[in-house]
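Q:
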Amino acid sequence: MADNKSYTCDHHEATRRVVLESGMALGATAALAQNAQAAVGPKTLPAKGFAVKAKDSGFAPFAFKRRDVGPKDVLIDVLYCGVCHSDIHTAWNEWPGTHYPCVPGHEVLGRVLKTGKEVTRFKAGDIAAVGCLVDSCGHCPSCAEDLEQFCENGATLTYDSDDKILGGHTYGGYSNLITVTEHFVVKIPPKMDLARTAPLLCAGITTYSPMRHWKVTKGMKVGIAGIGGLGHVGVKIAAALGAEVSLITTTPGKLADAAKLGAKDGLLVTDAAAVKANAGRYDFILSTIPQHHDVMPYVSMLRRDGVYVMVGALDGTPMQVWGPPLIVQRKSVAGSVIGGLKETQEMVDFCAANGIAADIELIAGGNLDAAYKRVKAKDVRYRFVIDLAKTA
Ligand SMILES: [Zn+2]
Ligand SMILES: [Zn+2]
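Everything in the sequence shown is counted per my numbering, starting at 25 for the first residue and increasing by one.
Structure follows, in structure tokens:
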């Protein structure tokens, strides 16, 4: 996802939450006991994971606490967690302001261990997943429209966000356990390859949501720019929506993967002749490029009314857009970030129905430092996934 700093906001504090969750029908003695517990916070469970303690410390095993389930919570035994480029931006403090120790991970998939008494959609043993969000206000206009990613009171991110229940900051999925309120947990349909499904929770929804918003459909010509963790899933989703898809990359070696991923063809954006030959071709270009880049070669490949949508986790450097090429063909340059919970479930169900999963390399938690370096070197086809059942 693109921005992990704009969501932080105190909209309900820990004590109030505990008191609310304690229920209104308690007798005086029970209420007193509950108040005593509220003073010390919710019950907790020991958890372990992998954390960076400072921006250049590298990963090490880390013991911490998860909250025990409240009435609306689901406790998940994490089996797999994808490694997203946002994890690296955060762990290495590339988006300044990271809180340490930092346990990244927002492509979390596992087995339900325990549920609170008000939980209706999950039971122990179910396969469930968690993406980039673990809470939001639930009542602002965006939340009311199932767009929790735009919560106007500040959604809680899965990691490095204020933890409004336990205090401190949230810890992500590079861990053996996670406790999440039911609304933010996604059901995984049967028969999906679990390790390959985990990356859909960020890479899948980040690419699916803009394609649905801008109505990518059968026969449209779609370019996917940046063929990494997000882009390779984006190619598969666009193809399953019926679009004619092109890879747009800077890595010659990735062109050979076009057909395998479901694309019609591919081109190198560094090849000026290829860019010129494809001028005006695409209705929609989804850019997953994670850093500052020249947008105008991509804009030149849009047809009239075409849209260039950025979803990559960009750095802080402004990029230049030149007006005339947009004006004369009514083109747009836009952005999008993950999706709401309803759409995330829809995306997972769509991927299940269309046999879509990420291409992955499974690693142990002890290999995270080497994996991060390889992501930075664009040396992964196409997503690292941590096997936590084996390593946490
Ligand atoms: Zn992500
Ligand atoms: Zn909200």
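For glycine and all other residues, C-beta sits at the position ideal for the given N, C-alpha and C.
1. Does lysine 138 come out as helix, strand or coil in the three-state DSSP assignment?
2. Beta-carbon within less than 6 Å of aspartate 329's beta-carbon, same chain only, minus the 5 sequence neighbours each way: which residues are those?
3. Need the endpoints of the beta strand (DSSP E) that glutamate 268 sits in, please.
4. Is glutamine 344 buried or exposed, if buried means 16 or more other CB atoms sit within 10 Å of its CB?
5. Does the separation of the CB atoms of isoleucine 272 and leucine 291 fall below 7 Å?
6. Per the contact definition of three or more C-beta pairs closer than 8 Å, is the stretch 359-378 in contact with the stretch 80-88?
7. To the nearest angstrom, how far is it from the Cα of leucine 219 to the Cα of isoleucine 384?
8. Is it the case that the CB of serine 185 approaches a heavy atom of ligand 2 more closely than 6 Å?
9. Could you tell me whether any non-hydrogen atom of ligand 2 is closer than 6 Å to the CB of serine 17?
10. Between isoleucine 309 and valine 158, what straight-line distance do the alpha-carbon atoms span, to the nearest angstrom?
11. Just the Cα atoms here: how many angstroms apart are histidine 237 and glutamine 315?
12. By a C-beta neighbour count over all protein chains shown, 10 Å radius and 16 as the cutoff for buried, is histidine 163 buried or exposed?
13. Per DSSP, serine 324 forms a beta bridge with which residues?
14. Within 6 Å: the Cβ of cysteine 126 and any heavy atom of ligand 1?
15. Within the present structure, is the beta-carbon of cysteine 226 separated from the nearest heavy atom of ligand 1 by less than 6 Å?
16. Can you pull the DSSP bridge partners for aspartate 289?
17. CA-CA distance, glycine 3 and cysteine 375?
18. Between the C-alpha atoms of lysine 7 and tyrosine 232, what's the straight-line distance to the nearest angstrom?
19. Which residues in the same chain have their Cβ closer than 6 Å to the Cβ of alanine 382, if we skip the five residues on either side of it in sequence?
20. Out of curiosity, what's the CA-to-CA distance linking glycine 134 and glycine 94?
21. Spatial neighbours of glycine 51 within its chain, please: CB distance less than 6 Å, with the 5 preceding and 5 following residues excluded, ordered by chain position.
22. On the premise that cysteine 126 lies in contact with aspartate 184, defined as a C-beta separation below 8 Å, what is that separation, rounded to the nearest angstrom?
23. Is it a yes or a no for the stretch 136-148 touching the stretch 104-120, going by three-plus beta-carbon pairs under 8 Å?
24. Grouping DSSP H, G and I as helix and E and B as strand, with all else coil, what is glycine 82?
25. Do you know offhand how far valine 361's Cα is from methionine 325's?
26. Excluding the five sequence neighbours on either side, which residues of its own chain have a C-beta within less than 7 Å of the C-beta of histidine 90, listed in chain order?
27. Go to methionine 374, then tell me how far its alpha helix (DSSP H) extends in each direction, as first and last residue.
28. Answer yes or no: the CB of serine 110 versus the heavy atoms of ligand 1, is any distance below 6 Å?
29. State the Cα-Cα distance for the pair alanine 395 and lysine 402, rounded to the nearest angstrom.
30. From the DSSP output, in three-state form, read off isoleucine 410 for me.
31. With respect to 6 Å, is the separation between the Cβ of cysteine 156 and the closest non-hydrogen atom of ligand 2 below this value?
A: In terms of the structure at hand:
1. To locate residue 138, count along the sequence shown from 1; it is residue 114. Correct three-state label for lysine 138: strand.
2. One-based indexing of the sequence shown puts residue 329 at position 305. The answer, listed in chain order, is Arg354.
3. Locating residue 268 in the sequence shown gives position 244, where the first residue counts as 1. Counting along the chain, glutamate 268 sits inside the beta strand (DSSP E) bounded by residues 268-273.
4. Working through the sequence shown from its first residue, we reach residue 344 at position 320. Exposed: under 16 other Cβ atoms inside 10 Å.
5. Counting from one through the sequence shown, the residue named residue 272 turns up at place 248. Counting from one through the sequence shown, the residue named residue 291 turns up at place 267. Going by C-beta atoms, isoleucine 272 is nearer than 7 Å to leucine 291.
6. no
7. On the sequence shown, position 195 is the one that residue 219 refers to. On the sequence shown, position 360 is the one that residue 384 refers to. Rather than leucine, the amino acid found at residue 219 in this sequence is alanine. Taking the straight line joining both Cα atoms gives about 8 Å.
8. One-based indexing of the sequence shown puts residue 185 at position 161. No - ligand 2 has no heavy atom lying nearer than 6 Å to the Cβ of serine 185.
9. Given that the chain is displayed from residue 25 to residue 416, the structure contains no residue 17 and the question cannot be resolved.
10. The sequence position of residue 309 within the sequence shown is 285, counting from 1. The sequence position of residue 158 within the sequence shown is 134, counting from 1. Each residue's alpha carbon lies about 30 Å from the other.
11. On the sequence shown, position 213 is the one that residue 237 refers to. On the sequence shown, position 291 is the one that residue 315 refers to. The straight-line gap from Cα to Cα measures roughly 23 Å.
12. The count along the sequence shown starts at 1 and reaches residue 163 at position 139. With fewer than 16 other Cβ atoms from the protein chains shown falling within 10 Å of its own Cβ, histidine 163 counts as exposed.
13. Your numbering for residue 324 matches position 300 in the sequence shown. Answer by DSSP bridge pairing: none, since serine 324 is not bridged.
14. If you number the sequence shown from 1, residue 126 lands on position 102. No, the Cβ of cysteine 126 stays beyond 6 Å of every heavy atom of ligand 1.
15. Counting from 1 along the sequence shown, the entry for residue 226 is found at position 202. For ligand 1, at least one heavy atom lies less than 6 Å from the Cβ of cysteine 226.
16. Walking along the sequence shown from the start, residue 289 turns up at place 265. Partner residues in the beta bridge of aspartate 289, as assigned by DSSP, are Ser270.
17. The requested residue 3 is not part of the displayed model; the chain covers only 25 to 416.
18. Any question about residue 7 goes unanswered here, given that the chain covers just 25 to 416.
19. Counting from 1 along the sequence shown, the entry for residue 382 is found at position 358. Its chain contains Arg220, Pro223, Val257, Arg407 as the residues whose beta carbon lies nearer than 6 Å to that of alanine 382, once the 5 sequence neighbours on both sides are disregarded; these appear in chain order.
20. Counted from its first residue, the sequence shown places residue 134 at position 110. Counted from its first residue, the sequence shown places residue 94 at position 70. Whole-angstrom Cα-Cα distance: 19 Å.
21. Counted from its first residue, the sequence shown places residue 51 at position 27. The pLDDT assigned to glycine 51 is 40, lower than 50, so where the model puts this residue is not dependable, and the model offers no usable value.
22. By 1-based counting over the sequence shown, the position of residue 184 is 160. By 1-based counting over the sequence shown, the position of residue 126 is 102. At roughly 6 Å, the Cβ-Cβ gap stays under 8 Å, so aspartate 184 and cysteine 126 are in contact.
23. The stretch 136-148 vs the stretch 104-120: no contact.
24. Sequence index remark: in the sequence shown, residue 82 carries index 58 (1-based). Looking at glycine 82 - three-state DSSP - the assignment turns out to be coil, as it is neither helix nor strand.
25. In the sequence shown, residue 361 corresponds to position 337, counting from 1. In the sequence shown, residue 325 corresponds to position 301, counting from 1. Answer to the nearest angstrom: the Cα atoms are 23 Å apart.
26. Taking the sequence shown and counting its residues from 1, one reaches residue 90 at position 66. It is arginine, not histidine, that sits at residue 90 in the sequence shown. Contacts found: Thr68, Leu69, Ala71, Leu201, Ile202, Thr203.
27. As a first step, residue 374 is located in the sequence shown; it is residue number 350 there, counting from the start. First, the amino acid is wrong: residue 374 is phenylalanine here, not methionine. 365-377 is the span of the alpha helix (DSSP H), which, as asked, contains phenylalanine 374.
28. The count along the sequence shown starts at 1 and reaches residue 110 at position 86. At least one heavy atom of ligand 1 is nearer than 6 Å to the Cβ of serine 110, so yes.
29. The residue labelled residue 395 in the question sits at position 371 within the sequence shown. The residue labelled residue 402 in the question sits at position 378 within the sequence shown. In a straight line, the C-alpha of alanine 395 is about 10 Å away from that of lysine 402.
30. Against the sequence shown, residue 410 aligns to sequence position 386. Residue state, collapsed to three classes: strand.
31. As a working note, residue 156 is residue 132 in the sequence shown. Proximity of the beta carbon of cysteine 156 to ligand 2 is not indicated: no heavy atom of the ligand is located closer than 6 Å.
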